[in-house]
Amino acid sequence: MSIHPQHLQQLASNLRTRRSVLAGAAGAGIAAAMNGMAVNAQTPVASPSAGTPPSGTPTAEAASYKTVPQVFASDWNFDFLIALGFTYERGADIGECFAVAAQIEDGNYESWVTAWLAMADRLNGIAQTAESAGHAVSASEAYLRASTYYNTAQWFTLGTSQPDRITEVWTQHKNAFEGFLRNGAYPMEVLEIPYQDDSRIPAYAILVDDSNEPRPWVILTNGSDGGYPESWAAGAAAALRRGYNALIYVGPGQNAMLFEDKVYFIADWETVVTPIVDYLLTRTDVDPDKLVLTGVSQGGYWAPRAAAFEQRLAAVVADPGVMQVWQSWASNMPPGVIEGLFNTTGAEQEQIAKELDEGLAEYAAHDPALAFQVAFRTYPYGTNVLSDALLQAKAMDLTDVARDITIPIMILDPEGEQFWPGEPQQLYNAVSSENKVLAKFTAAEGADLHCQPKAIGLRNQVVFDWLDEVLGTVGRATSGG
């Protein structure tokens with residue numbers, strides 16, 4: 002099979018924006034890409050009752066984006082919304098975000114990184130001064146915002162003239178997050194949970210209080226490139242306010258395991274979650290019947306994958322549900338490339354991979370942004386070759402194991418899902434759980450787009466109301482938040 006040069010040109014175009022290797026609207030930004038979609042603003046769906054799928058069908062290609070402010074014309078608009086959405090949990094401030102945006106030249110990686118780093122450094126300095134003066138609340142809040150801004154800068158560091166500082170910027174984000182926890186209202190522990198081959202799973206245990214009372218725990222799984230503030234906003238903060246302890250951990254290819262340990266993505270995520278469960282069950286502040294696993298973004302594959310094997314979990318949440326990680330890559334590949342790469346073996350597969358990689362390299366040599374995107378998306382797989390990463394992503398597939406998921410599961414399905422459209426419904430149909438919920442979120446609620454970045458409050462309300470019902474707990478307010 003030969004790959005036509007026109008197809009390679011299409012591939013190059015489709016790889017130019019952040020996250021577009023893994024899916025989404027490629028090349029033209031959210032606004033332009035979504036203009037061609039049918040408009041179908043659904044009636045807002047109320048929080049579903051456990052075990053009952055909400056009415057309606059997936060509408061991944063039918064969404065109104067009137068609720069999306071256009072700060073950037075490119076797909077950077079979505080990245081900006083992620084940071085802006087963290088304001089709900091004090092992970093950002095509106096004025097700071099817009100002040101940064103005003104300094105950014107759309108599409109210029111240097112300006113993006115420089116602007117976010119400047120704001121992060123400013124907040125980090127404020128936090129350090131406040132901490133030294135004993136102003137713990139001010140220090141904690143400033144550290145959290147600094148952590149968000151460092152991580153937002155880190156996304157595009159590989160596209161700048163100093164790509165090697167990506168680990169330095171990531172470390173600044175981690176240190177600021179630890180400053181937030183250290184000065185915060187909740188007791189916390191920095192953990193290293195034993196993993197394979199004498200390695201470790203880095204984690205933070207964040208506790209409602211120091212009473213040692215057995216409580217439900219939420220184990221938070223991040224996505225392919227989310228930082229620690231994302232885990233805080235997408236569950237940890239909401240859990241603590243409701244009386245759940247929270248465990249923020251990172252697995253292979255994520256955060257500390259990627260940047261510090263050089264351990265890369267794997268498909269069999271149960272090998273990560275099982276040691277975590279083993280560890281938690283040794284603690285006296287754990288209710289062993291109330292362990293919950295959540296996953297956001299690509300974690301919407303990893304968490305259900307683990308739940309298919311780890312029966313000691315009480316419930317699992319996938320946001321969104323992801324059946325096949327590679328499908329998001331396929332949506333941006335030229336016709337026939339994925340089929341040819343996946344459905345052949347030996348010399349034929351090697352030839353297809355060679356043509357794909359050489360053609361891509363030819364375009365990337367004249368397009369630094371394209372070169373950056375390929376490097377950024379392949380790095381967590383431990384390679385710099387797209388075909389290698391694609392073949393690894395192929396293994397991230399729930400088709401043969403979804404039926405083994407029998408515990409209660411909530412699957413989130415936002416309108417206008419850019420990366421895995423339709424897959425939440427597929428996962429819902431495939432699992433064997435008697436208690437399963439497909440929770441739809443709509444543009445009319447302001448809760449459209451991947452991981453509902455503009456509606457964190459609604460997202461967490463739906464998730465934790467359901468968890469309270471499944472676990473038989475009362476989401477009582479706590480004083481820490």
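For what it's worth, my numbering labels the leading residue of the sequence shown as 2, then goes sequentially.
The C-beta atom is built at its ideal place from N, Cα and C for all residues, glycine as well.
No experiment lies behind these values; they were computed from the predicted model shown.
DSSP state of residue i mapped onto helix, strand, coil
{"i": "Pro422", "result": "coil"}
{"i": "Thr272", "result": "helix"}
{"i": "Arg201", "result": "strand"}
{"i": "Ile339", "result": "helix"}
{"i": "Gly296", "result": "strand"}
{"i": "Thr44", "result": "No answer about Thr44 holds up, because its pLDDT of 27 lies below 50 and its placement is not dependable."}
{"i": "Lys437", "result": "strand"}
{"i": "Thr379", "result": "helix"}
{"i": "Pro415", "result": "strand"}
{"i": "Arg243", "result": "coil"}
{"i": "Arg404", "result": "helix"}
{"i": "Asp211", "result": "coil"}
{"i": "Ala396", "result": "coil"}
{"i": "Tyr229", "result": "helix"}
{"i": "Pro305", "result": "helix"}
{"i": "Ala319", "result": "strand"}
{"i": "Ala32", "result": "Legend: pLDDT at Ala32 = 27, less than 50; position of this residue unreliable, no value from coordinates given."}
{"i": "Val267", "result": "The sequence given here has Ile at residue 267, not Val. It is coil, neither helix nor strand."}
Beta-carbon proximity of residue i to residue j, cut-off 7 Å
{"i": "Gly236", "j": "Thr295", "result": "yes"}
{"i": "Tyr150", "j": "Gly180", "result": "no"}
{"i": "Pro321", "j": "Glu416", "result": "no"}
{"i": "Ala309", "j": "Val402", "result": "yes"}
{"i": "Arg306", "j": "Trp270", "result": "yes"}
{"i": "Arg404", "j": "Ser433", "result": "yes"}
{"i": "Leu357", "j": "Ser388", "result": "yes"}
{"i": "Ser225", "j": "Gln312", "result": "no"}
{"i": "Leu281", "j": "Val287", "result": "yes"}
{"i": "Phe373", "j": "Leu118", "result": "no"}
{"i": "Phe465", "j": "Ala239", "result": "yes"}
{"i": "Ala84", "j": "Cys98", "result": "yes"}
{"i": "Tyr205", "j": "Ile249", "result": "yes"}
{"i": "Tyr229", "j": "Phe178", "result": "yes"}
{"i": "Ala390", "j": "Thr379", "result": "yes"}
{"i": "Thr407", "j": "Pro217", "result": "no"}
{"i": "Ile353", "j": "Tyr89", "result": "no"}
{"i": "Val209", "j": "Asn246", "result": "yes"}
{"i": "Gly86", "j": "Lys455", "result": "yes"}
Burial state of residue i (16 or more Cβ within 10 Å)
{"i": "Ile95", "result": "exposed"}
{"i": "Glu231", "result": "buried"}
{"i": "Phe81", "result": "buried"}
{"i": "Glu193", "result": "exposed"}
{"i": "Ser162", "result": "exposed"}
{"i": "Val471", "result": "buried"}
{"i": "Pro336", "result": "exposed"}
{"i": "Pro289", "result": "exposed"}
{"i": "Gly135", "result": "exposed"}
{"i": "His367", "result": "exposed"}
{"i": "Val138", "result": "exposed"}
{"i": "Ser148", "result": "buried"}
{"i": "Gly126", "result": "exposed"}
{"i": "Ala100", "result": "exposed"}
{"i": "Thr346", "result": "exposed"}
{"i": "Asp76", "result": "buried"}
{"i": "Ala103", "result": "exposed"}
{"i": "Thr153", "result": "buried"}
{"i": "Pro409", "result": "buried"}
{"i": "Gln173", "result": "buried"}
Euclidean distance between Cα positions of residue i and residue j
{"i": "Gly252", "j": "Thr222", "result": "8 Å"}
{"i": "Tyr382", "j": "Ala376", "result": "10 Å"}
{"i": "Glu190", "j": "Ile207", "result": "7 Å"}
{"i": "Ile412", "j": "Glu169", "result": "35 Å"}
{"i": "Glu424", "j": "Ala316", "result": "20 Å"}
{"i": "Trp421", "j": "Asn213", "result": "40 Å"}
{"i": "Leu314", "j": "Tyr196", "result": "19 Å"}
{"i": "Ser141", "j": "Ala186", "result": "9 Å"}
{"i": "Asp211", "j": "Arg242", "result": "15 Å"}
{"i": "Ala319", "j": "Lys395", "result": "19 Å"}
{"i": "Thr44", "j": "Val114", "result": "Confidence at Thr44 is low in this model, with a pLDDT of 27, below 50, so the placement of that residue should be treated as unreliable; the coordinate-derived value is given next. Cα to Cα, Thr44 sits roughly 39 Å from Val114."}
{"i": "Ile220", "j": "Val297", "result": "11 Å"}
{"i": "Cys452", "j": "Ile202", "result": "25 Å"}
{"i": "Met334", "j": "Leu361", "result": "11 Å"}
{"i": "Phe73", "j": "Glu106", "result": "9 Å"}
{"i": "Glu340", "j": "Trp327", "result": "11 Å"}
{"i": "Val338", "j": "Asn78", "result": "29 Å"}
Any non-hydrogen atom of the ligand ADP within 6 Å of residue i CB
{"i": "Gly458", "result": "By its list of ligands, the structure shown contains no ligand whatsoever, and the ligand ADP lies outside what it can speak to."}
For this session: List in chain order: all unbroken alpha helix (DSSP H) runs of 4+ residues lying wholly within the stretch 76–117.
Result: You should have 77–86, 95–102.
For this session: Could you pull out every unbroken beta strand (DSSP E) segment of at least 3 residues lying fully inside the stretch 114–195, listed in chain order?
Result: Counting whole runs of 3 or more residues, the stretch 114–195 contains the beta strand (DSSP E) stretches 189–195.
For this session: Tell me the start and end of each unbroken alpha helix (DSSP H) in the stretch 447–480 that is at least 4 residues and wholly inside, in chain order.
Result: Counting whole runs of 4 or more residues, the stretch 447–480 contains the alpha helix (DSSP H) stretches 457–472.
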